[in-house]
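One structure is given below, encoded as structure tokens.
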Amino acid sequence: MSVSIEIQPHSASLDMYGELDKSTAYSLSGDIVISVSSPFSFFERRKPVRIVLQSLTVEFEGQCELITDDTGYTPFRICSLSNELLVGQTIELSNEGHEEDDKPCVWNVAYNMVIPGWLPATTTYGNHPSEAGTRYALYASATFLTVDDDANRSWFSACCSSFRSRSRVISAPRCHITVNRFVSVSAEDTGSTVDYAVQAEPRSDIEHTSKFPAHVMSKLRAVISVPTHIDVEDTSFPLCMRLRMQDLPEADCKRVRLTDFTVDVEQTEQCRSSPSSLYKSIFPLPSSSEQPPRRPLRDP
Numbered sequence: 405m406s407v408s409i410e411i412q413p414h415s416a417s418l419d420m421y422g423e424l425d426k427s428t429a430y431s432l433s434g435d436i437v438i439s440v441s442s443p444f445s446f447f448e449r450r451k452p453v454r455i456v457l458q459s460l461t462v463e464f465e466g467q468c469e470l471i472t473d474d475t476g477y478t479p480f481r482i483c484s485l486s487n488e489l490l491v492g493q494t495i496e497l498s499n500e501g502h503e504e505d506d507k508p509c510v511w512n513v514a515y516n517m518v519i520p521g522w523l524p525a526t527t528t529y530g531n532h533p534s535e536a537g538t539r540y541a542l543y544a545s546a547t548f549l550t551v552d553d554d555a556n557r558s559w560f561s562a563c564c565s566s567f568r569s570r571s572r573v574i575s576a577p578r579c580h581i582t583v584n585r586f587v588s589v590s591a592e593d594t595g596s597t598v599d600y601a602v603q604a605e606p607r608s609d610i611e612h613t614s615k616f617p618a619h620v621m622s623k624l625r626a627v628i629s630v631p632t633h634i635d636v637e638d639t640s641f642p643l644c645m646r647l648r649m650q651d652l653p654e655a656d657c658k659r660v661r662l663t664d665f666t667v668d669v670e671q672t673e674q675c676r677s678s679p680s681s682l683y684k685s686i687f688p689l690p691s692s693s694e695q696p697p698r699r700p701l702r703d704p
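According to the working numbering, the stretch in the sequence shown is residues 405 to 704, in order.
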């Protein structure tokens, strides 16, 4: 006898819009596919299989993992949702009449889970080449009994029937779900800039061969204007640099020329080993009793 289950979501991704909001929710639906087939035998015809499905559960779980040289490995459970698809009932399934078929008999049980709208998007981060980051997945399990209708079974089979009648639990392969978050930026925010004032400082780690006067260098001020928002799909962004000479005679100002300049763009990620107290107060995260190591992650 072969009984298996598989998760088939209608979509492997879940799109969320706007900022994190615990007052919103999204639907994640699909089917749990149950397959039943009779075992192959060289000596007799295949016998039909009957099972009584007692429980069918689908779970959605989100987790966050951080791996850095400073913090080491830090796991955290973001959410854990569970739905029982057979509430107060059992279902009998049988492949009778199809026991000789090469393909198993298949039943689809629909599910529809309500996913909160405050979940962060799927992403990877940390300074190690691994899959650490924020991830989500669906899990499913089924509990069933095997029903034996063979009146002519052997005495050995009869003795073992009590063992076969015990409940069995099977699990479906993990099904990854990608959570995407889209935040629209208004045209006003897109065009806004922020200014940074920079004072020129001669480098002390190299030998200066330039004859640029030190007193002129000390009076040089640069104001850099950069956008407050940059699209991750953009390959360039505008930058405005204005030079000012503070308390410098007009004759010296006329002698200053900007021949060229370079810009180094550096991306910096800020990570925490645990959520902030403000984040915990806003969003309904699982309690400490539901966190590792008290309750390990299902997919560490």
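Cβ coordinates follow ideal geometry from the N, Cα and C atoms, glycine included.
Predicted model only: the values in this text are computed from it and were never measured.
Practice item. State the start and end residues of the unbroken beta strand (DSSP E) segment that holds Cys468. Key: Counting from one through the sequence shown, the residue named residue 468 turns up at place 64. For Cys468, the enclosing beta strand (DSSP E) stretches over residues Arg454 to Thr472.
Check your understanding: If we count the other Cβ atoms within 10 Å of its Cβ and call it buried at 16 or more, is Glu500 buried or exposed?
Key -> Stepping through the sequence shown from its first residue, residue 500 is reached at position 96. Glu500 counts as exposed, since fewer than 16 other C-beta atoms from the protein chains shown sit within 10 angstroms of its C-beta.
Exercise for review: Just mark Ile686 as buried or exposed, buried being the case when its beta carbon has 16 or more other beta carbons within 10 Å.
Suggested key: Counting from 1 along the sequence shown, the entry for residue 686 is found at position 282. Classification for Ile686: exposed.
**Study point:** Asn499 - partner residues in DSSP beta bridges
**Key:** Here residue 499 is taken as the residue at index 95 of the sequence shown, counted from 1. According to DSSP, which records beta bridges pairwise, Asn499 is partnered with nothing at all.
Review point. Residue range of the alpha helix (DSSP H) that Ile634 falls in?
Key: If you number the sequence shown from 1, residue 634 lands on position 230. Unbroken run through Ile634: none, as it is neither H nor E.
Check your understanding: Hey, out of Ile628, Thr597, Thr639 and Val660, whose CA is closest to Met621's CA?
Key -> Translated into the one-based positions of the sequence shown, residue 621 becomes position 217. Cα-wise, what sits closest to Met621 is Val660.
Practice item. Could you tell me which residues DSSP puts in a beta bridge with Met420? Key: Mapped onto the sequence shown, residue 420 falls at position 16. Under DSSP, Met420 takes part in a beta bridge, and its partners are Arg585.
**Study point:** Assigned exposure category for Asn556 - 16 Cβ within 10 Å defines buried
**Key:** Residue mapping note: residue 556 aligns to position 152 of the sequence shown, counting from 1. Unreliable placement is indicated for Asn556, whose pLDDT of 47 sits below 50; the coordinate value is still reported in the next sentence. Asn556 comes out exposed.
Exercise for review: Check Gly595 in the structure and name its three-state DSSP category.
Suggested key: On the sequence shown, residue 595 is found 191 positions in, with the first residue counted as 1. Helix.
Check your understanding: Taking the C-alpha atoms as reference points, what is the distance between Phe548 and Gly530?
Key -> Locating residue 548 in the sequence shown gives position 144, counting from the first residue. Locating residue 530 in the sequence shown gives position 126, counting from the first residue. Going by the C-alpha atoms only, they are around 42 Å apart.
Exercise for review: Starting from Leu682, follow the alpha helix (DSSP H) in both directions and report where the run begins and ends.
Suggested key: Residue numbering aside, residue 682 sits at position 278 when the sequence shown is read from its first letter. Per DSSP, Leu682 belongs to the alpha helix (DSSP H) from Ser681 to Ile686.
Review point. Where does Ala555 fall in DSSP's three states?
Key: In the sequence shown, residue 555 corresponds to position 151, counting from 1. Confidence at Ala555 is low in this model, with a pLDDT of 46, below 50, so its placement is unreliable and the value that follows should be read with caution. Ala555 falls in the coil class under three-state DSSP.
Review point. Span of the alpha helix (DSSP H) holding Arg659?
Key: In the sequence shown, the residue the question calls residue 659 occupies position 255. That run of the alpha helix (DSSP H) goes Glu654 to Arg659.
Exercise for review: Could you check the C-alpha separation between Glu496 and Leu457 for me, to the nearest Å?
Suggested key: Translated into the one-based positions of the sequence shown, residue 496 becomes position 92. Translated into the one-based positions of the sequence shown, residue 457 becomes position 53. If you take the alpha carbons of Glu496 and Leu457, they lie about 6 Å apart.
**Study point:** Same chain only: Cβ atoms within 7 Å of Ile409, ignoring 5 sequence neighbours per side
**Key:** Taking the sequence shown and counting its residues from 1, one reaches residue 409 at position 5. Cβ neighbours of Ile409 beyond the five flanking positions: Ile436, Val437, Ile438, Ala544, Ala546, Ile574 and Ala576.
Point to revise | Beta bridge counterpart(s) of Asp435 as assigned by DSSP | key: Here residue 435 is taken as the residue at index 31 of the sequence shown, counted from 1. BP columns for Asp435 point to Gln412 and Ala514.
Review point. If you draw a straight line from the alpha carbon of Leu682 to that of Arg454, how long is it in whole angstroms?
Key: Translated into the one-based positions of the sequence shown, residue 682 becomes position 278. Translated into the one-based positions of the sequence shown, residue 454 becomes position 50. Whole-angstrom Cα-Cα distance: 53 Å.
Check your understanding: Span of the beta strand (DSSP E) holding Val573?
Key -> Position 169 of the sequence shown, counted from the start, is the residue given in the question as residue 573. Element bounds for Val573: Arg572 to Ser575.
Exercise for review: Determine which residues share a DSSP beta bridge with Ser442 and list them.
Suggested key: In the sequence shown, the residue the question calls residue 442 occupies position 38. According to DSSP, Ser442 bridges with nothing at all.
Check your understanding: How many angstroms separate the CA atom of Ser566 from the CA atom of Phe444?
Key -> By 1-based counting over the sequence shown, the position of residue 566 is 162. By 1-based counting over the sequence shown, the position of residue 444 is 40. For Ser566, the pLDDT reaches just 49, beneath the cut-off of 50, and the residue's location in the model is therefore unreliable, although a value from the coordinates is still provided. Cα to Cα, the separation comes out at about 23 Å.
Check your understanding: Can you name the start and end residues of the beta strand (DSSP E) that Ser484 belongs to?
Key -> What you label residue 484 is simply residue 80 of the sequence shown in a count that begins at 1. Note, Ser484: beta strand (DSSP E), Gly476 to Glu488.
Review point. At which residues does the alpha helix (DSSP H) containing Ala618 begin and terminate?
Key: Indexing the sequence shown from 1 puts residue 618 at position 214. Ala618 to Met621 is the extent of the alpha helix (DSSP H) around Ala618.
Review point. Could you give the residue range of the beta strand (DSSP E) that holds Arg648?
Key: Locating residue 648 in the sequence shown gives position 244, where the first residue counts as 1. Cys644 to Met649 is the extent of the beta strand (DSSP E) around Arg648.
Exercise for review: Kindly list the residues whose CB is nearer than 7 Å to the CB of Ala562, restricted to its own chain and excluding five residues on each side of it in sequence; keep chain order.
Suggested key: Position 158 of the sequence shown, counted from the start, is the residue given in the question as residue 562. Note on Ala562: pLDDT 49, under 50, position unreliable in the model; no value is reported.
Exercise for review: Express the C-alpha separation of Ala655 and Gly537 in angstroms, rounding to a whole number.
Suggested key: Along the sequence shown, one-based indexing puts residue 537 at 133. Along the sequence shown, one-based indexing puts residue 655 at 251. Their Cα atoms are separated by approximately 57 Å.
Point to revise | For Thr527, the residue or residues it bridges with in DSSP | key: Here the question's residue 527 lines up with position 123 in the sequence shown. In the DSSP output, where bridge partners are listed per residue, Thr527 has Thr538.
Point to revise | Close beta carbons around Val583, own chain, < 6 Å, minus the five adjacent residues each side | key: Residue 583 sits at position 179 when you count from the first residue of the sequence shown. Hits under 6 Å: Leu418, Leu523, Ala525, Thr526 and Tyr540.
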